[in-house]
Each structure stands twice: as structure tokens, then as C-alpha cells.
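K.L.:
Right, I'll just put the structure down here and ask away after.
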Amino acid sequence: MNELSWIGSILDAVTHAQALEEGASVVLGGILTELESSARRAGISGVKFLRAGMQLRNRDVVRFVHVLEPGAATRDVARAYLPPTAAWQWIAQHACPLVIEVQLSAAVSLDGKSEFLVPEPALSLTGPTIDRLRLRDSTHILLLPLRTEGATVGGAVWIEAQATPWIGRGFPNLDVVSSLKVLADAIAPRLRMLTPRGPDEPVEGDDLLPVVGVNTANLIELLKVFAALDDTLLIAGPTGAGKSRLARWCHARSLRAAGPFELMDLTGVPAELQMAQITGWQRGAFTGAINDFPGALTRAAGGTLFIDEIDKLSLSTQAGFLQILEERTFRPIGENGPPRNTNLRVMVGTNADLQACVKAGTFREDLYYRIHVLPVTLPSLDERKDEIPRWVRYMAQRRHSGSGTNEAVQITQDAIDMLCANSWPGNLRQLDNVVRRAYALATATDKRSPTIDAERVRQALGAERGVTTPVQQETLPASLRSIAARLVQFAQMRGVLPIKVLDGFRGLVVHAALEQTRSKEAAALLLGLDDAVANRNHQRMITRELERARVLLRLLGESGELEDLP
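Okay, so the sequence shown: first residue is -1 according to this note's numbering, each after it adds one.
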């Protein structure tokens, strides 16, 4: 079969494919067949083409992975064979084929103008991926870029070969590569028009990921591949969408599942303490270090370290963290002697656009590429509305399971419909808060078998919306500091201000919640007094807090009049 005919037959089959999986199988199967045929025609022996794979990306985020090995199940094979990420980054930049000599940890490229191989000594082929491949039966990997409109690289095809006689000589049967380049350029636009079919059967939930919807099913299939690897996983997505839950799920399916899962959320860590929290410190390392402190790297040894909100790292900490990732060693602050080796997998999460952070100068470009190994994006809850009914039932039943009864929580369909119609900028975290409030209201009338109906949901949503109308232009922390400073000034003028009286500030917050919600139940739920509402003690608590607020106001020179609701 000549070049045009075999390429044409593949293009025709891809054009008529119904799903991306079907199109990818056609392409990869056709490539393996042509490689075997061309090797026989050229009289090349001692070569076996083992498997072929395809990776597609959207804005540099992996959206599809497919691996084909004759005689093996695709999804089983996909767990074990992915090319080094450094190789992907290289072809994304240079847009020309690359050959990896696995046993030599070396790479050569086709310069795009000729069929001559050009050594690429600057390409770093180290790390767990190349170590794993070196132990396998592969000796060579050929990567071909899939270029879309404007010559942008939107994916890659790779072929693994067992060709011991060709070690140090480049890819066997290099003559066929020019035809493969033609095929790759021709199929890329067609593949972009196809969408994944997704798993053959609905993805079953489990304790760590109880709900998997239509829009996350393909992501979960992709993460089944990534979970088995040891490379850095980057999970992007909005706050509250479930990134840490997803990271824990991947850890449970990894080779390190028996080890610890350590979560480090950078949101509340001051910049000057970030590196210390990561590496730990020795007693006496600085003022206040009265004991040894094992950092996140030590606590996660043998398992997985998930650093959430990675964009919150200060630039100085970014430099230190990059060094740890590259050298795989660290030293706790104040410790002398040789550095410790890291024995863990790193996963990171972010709700920021890291590329924009790089352009703004707030995130190091070299660290970006170091963690951008296996990038995925978790959609917001508003993009996963089909999951809401199951999440609501799961959240309500989880809360009810501690009530000591075997009865189930009842949730009416109109309550589900109301929750599905709502927008969820706070994602799963916000939904959980609303379900928690609705459950507390329902248990006020029936503790054994509570029913969450539309009225309970309406009240819970009202409490949620009561805090979404800020009027201050000053940030809340700045406002609190300003209030504290003015109270100190008042104490200095008065001579003393009993700190116990300041408990009345809670009453002022309670009063503000009453004004916003116009409901004692809603105000109590808004302030986390679920148990008090369930036991019908919230009215007495509110009255007590308002009286404390009146005492504080009278001390500050006001009449102390505060409206209470009946």
C-alpha cells in the first residue's frame, strides 16, 4: 500500500468515527500496522512495535489519553505507559518529532527541515517516568506532535518500540517517519471535532468520591491513568469544587496508597512561615522553636503531599520548593548534616490561572513547568448540575448517620428542584452548608426521620443569601483591626475597658444576622448554631447574646437599644 492510500484510509475512518475513542483507535492501529509493514519491506529485523498512544490537550490541560496495545485492554495498558512529560513540553515548544532513547536517557529530534537526527542534550529525561520505562521492555519512543490551527501543538502521538540493535542509532526505520508526520498533521483537526464517548458503563462512586456525573466521568477515567503514576499532578478548579477530595481519591489508587496523605492548605499560612511548614525545623532553630517540628515533607514520607492553593506560595518559597522538587532532597531549618531524601508524590491544587500569574510575575515560570506535569481541571458545580441531587442525598444522609437512628432522611423532589435551580459560586462547600442548615431545620420537628422540603431549603438559602450583600469598601480584616484600635483608644481615655464586656461584640454580630435574615432560625443557622436550632434552644441563646451587646453599647455611650424579633 503506498503512502497516500494508507493515510487516506485512516483519514476516511476517522472522519466517520462517532467518538474520540474510536477515532484514536483507528489512528493508533493504523500506525502500528504501517510500522510493522514498512519494517518488513525494508528487511529490518530485531524490532517489535509494542504499543501506541495519544494525548490531547486543551489550553495545556490534558483532556484525553488513549493507549493501544495489540491483545491488551486499552484502559489497563493506559495505567502503565505514558511518555516523559519533559518530552511533551519539548515537542509543544518545537513542534517537530522527537525520539527518546530510553536506555540511554537521551533524546534526538528531527529538525523539521530534514530527516537528520539532532541530539537534544538540554532535554532533561530524569525522574520516575523514565525510571519506570527503563525497567520495561521499551528501548525507543517516537513522539509526533498533533498540530492544530496556527501550528499550535494540541497533542501528541507516541510509539514505543523494542529495538535493542538500534540503541544509540535513533528510531528504527526512520524513513517512515515522514509519512507519519503527514498523517499527524492531517488527522489533528479531525480529532479535535470528536468528543470522548466516556466510560462504557457509569462510573460508580465510592467513599472518597461518592458522586460522579456525566461531566466528570471522562475526567475520572483520565485520573485512573494518572493515579498510577508518580509524577506531579496539578488539579485546577474553583474553590470548594472538591480538589482535595479528588487528590485523596488519586492517592488511594496510587502505588503509595499504603502511605500517608498529607494535605497542606496554604490559604492560612503566612508567607514567612511557608518554607518552615514544608521542611520543618529543629529545636532551637529560631526564637520560639522549643521542639522539633516535622514538616509536611516528613509527615508525607512514603505517601502523597497535596499542597492546595499553590499560587499562594511567596516567590522566595517558590525558589526553595523548586529546588526540593528538582533535587528530591530537603533539610529542616536548623538541621546540620546531609540533606534528607524525599520519598513521596507531590500533588498541587489551585483556583488561579497560573499562566496569568507567570505573566504577572507572581509565579515562577520554571516552577510552573515543573509542576505542570499532569494537569487537569475540575469543573465548577454549576457545570455539574446533574450531580446535585446525589450530592444532596449524600450530604444529608452523612449528617443524619450520627443521629443514632437507622431511618433515612427524606428529601422532597421540589426541594431537589430548588437546589438544582440555584447557582453555586461556592461549589460543593456552599451546597454542603445549605444542606446542613436545611437538615437542622428538618430535625427540629422530626429527629428520627426528618424531611427536607422546599420550605426548609428556602429558609436555608435565605440564610446563605443574607451574607452576600456587603456594603463596606474596606476589607473585613482591615475593618476588624480598625475597630480593635479604636477600642484600645477608648480604654486609654476611660482608664480601663474590661475585656469580658467585649463578649458583647458577638451579640452585635447576632443582631446583624437578625436584621439580614429577619428570622431567628435563619440567623442561628447562619452563625453555625445547628444544634441549638435542632434542640429549640436558639431563641434563648439569641436573647442572651443581644443582652450582652446592649451592655457593651451602654458602656460605649449609647442607649443600648437593639431590636429583637418575636
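Ideal Cβ positions, reconstructed from N, Cα and C, are used throughout, including at glycine.
For a minimum of 3 consecutive residues, which ranges assigned as the beta strand (DSSP E) are wholly contained in the stretch 207 to 276?
P.N.:
231 to 234, 259 to 263
K.L.:
Check K498 in the structure and name its three-state DSSP category.
P.N.:
helix
K.L.:
Taking just the CA atoms, how far does N535 sit from Q411?
P.N.:
In this structure, the alpha-carbon of Q411 lies about 30 Å from that of N535.
K.L.:
Any idea if L284 is buried or exposed, counting beta-carbon neighbours within 10 angstroms, 16 or more meaning buried?
P.N.:
It should be pointed out that residue 284 corresponds to Phe in this sequence rather than to Leu. By the 10 Å Cβ count, F284 comes out exposed.
K.L.:
For N431, which of R145, I369, A520 has the nearest alpha-carbon?
P.N.:
With distances taken between CA atoms, N431 lies nearest to A520 out of R145, I369, A520.
K.L.:
Report the residue from S447, V433, L478 whose alpha carbon sits nearest the alpha carbon of R456.
P.N.:
If we check each option's Cα against that of R456, V433 comes out closest.
K.L.:
According to the Cβ coordinates, are V223 and I5 closer than 8 Å?
P.N.:
Result no, Cβ atoms of V223 and I5 do not sit closer than 8 Å.
K.L.:
Go through the stretch 513 to 548 residue by residue and report every complete run of the alpha helix (DSSP H) that reaches 4 residues or more, in order.
P.N.:
518 to 524, 528 to 532
K.L.:
Could you give the uninterrupted runs of the alpha helix (DSSP H) lying entirely in the stretch 302 to 380, keeping only those of 4 residues or more?
P.N.:
313 to 325, 352 to 358, 363 to 369
K.L.:
If I follow the unbroken alpha helix (DSSP H) through V432, where does it start and stop?
P.N.:
Start and end: 425 to 441.
K.L.:
Starting from H64, follow its DSSP beta bridges and name the residues at the other end.
P.N.:
M52
K.L.:
Note down, one range per segment and in chain order, each alpha helix (DSSP H) of at least 4 residues found wholly within the stretch 147 to 194.
P.N.:
Positions of the alpha helix (DSSP H) runs, each at least 4 residues long and wholly inside the stretch 147 to 194, are given as 175 to 190 in order along the chain.
K.L.:
Would you kindly check if the distance between the Cβ of L261 and the Cβ of I308 is under 8 Å?
P.N.:
Against a cut-off of 8 Å, the Cβ pair of L261 and I308 comes out as no contact.
K.L.:
Tell me whether the beta-carbon of N349 lies closer than 8 Å to the beta-carbon of P236.
P.N.:
yes
K.L.:
Which value, in whole angstroms, describes the spacing of the CA atoms of T302 and L217?
P.N.:
20 Å
K.L.:
With DSSP as the reference, label V45 as helix, strand or coil.
P.N.:
coil
K.L.:
Out of curiosity, what's the CA-to-CA distance linking T162 and A15?
P.N.:
36 Å
K.L.:
Is the beta carbon of G21 less than 8 Å from the beta carbon of L142?
P.N.:
At least 8 Å separates the beta-carbon of G21 from that of L142.
K.L.:
Between which residues of its own chain and V45 is the CB-CB distance below 8 Å, once the five residues before and five after are set aside?
P.N.:
A37, A159, Q160, A161, P163, W164, P170, N171
K.L.:
Contact defined as beta carbons within less than 8 Å: I believe A226 pairs with S252. What is the distance between those atoms, to the nearest angstrom?
P.N.:
6 Å
K.L.:
Which of the three DSSP states, helix, strand or coil, is assigned to I288?
P.N.:
coil
K.L.:
So the candidates are P496, N334, L524; which of them puts its Cα closest to the Cα of L553?
P.N.:
P496
K.L.:
Go to S35, then tell me how far its alpha helix (DSSP H) extends in each direction, as first and last residue.
P.N.:
Unbroken alpha helix (DSSP H) run through S35: 18 to 39.
K.L.:
Please name the residue or residues paired with I593 in a DSSP beta bridge.
P.N.:
Residue 593 cannot be examined here, being either before or after the span of the chain that is shown, -1 to 564.
K.L.:
For D306 and I233, I'd like the C-alpha separation in whole angstroms.
P.N.:
9 Å
K.L.:
Let me confirm a value: E19 is counted as buried when at least 16 other C-beta atoms fall within 10 Å, else exposed. Which label applies?
P.N.:
Residue environment for E19: buried (at least 16 other C-beta atoms within 10 angstroms of its C-beta).
K.L.:
Let me make sure I understand the geometry here. Which of N213, V374, D384, A154 has the alpha-carbon closest to that of C248?
P.N.:
V374
K.L.:
By a C-beta neighbour count over all protein chains shown, 10 Å radius and 16 as the cutoff for buried, is K498 buried or exposed?
P.N.:
exposed
K.L.:
So what's Q408 in DSSP terms, helix, strand or just coil?
P.N.:
strand
K.L.:
Could you tell me the distance, in whole angstroms, from the CA atom of G424 to the CA atom of T443?
P.N.:
29 Å
K.L.:
Between the alpha carbons of E333 and L372, how many angstroms are there, rounded?
P.N.:
33 Å
K.L.:
How many angstroms separate the CA atom of N404 from the CA atom of S480?
P.N.:
51 Å
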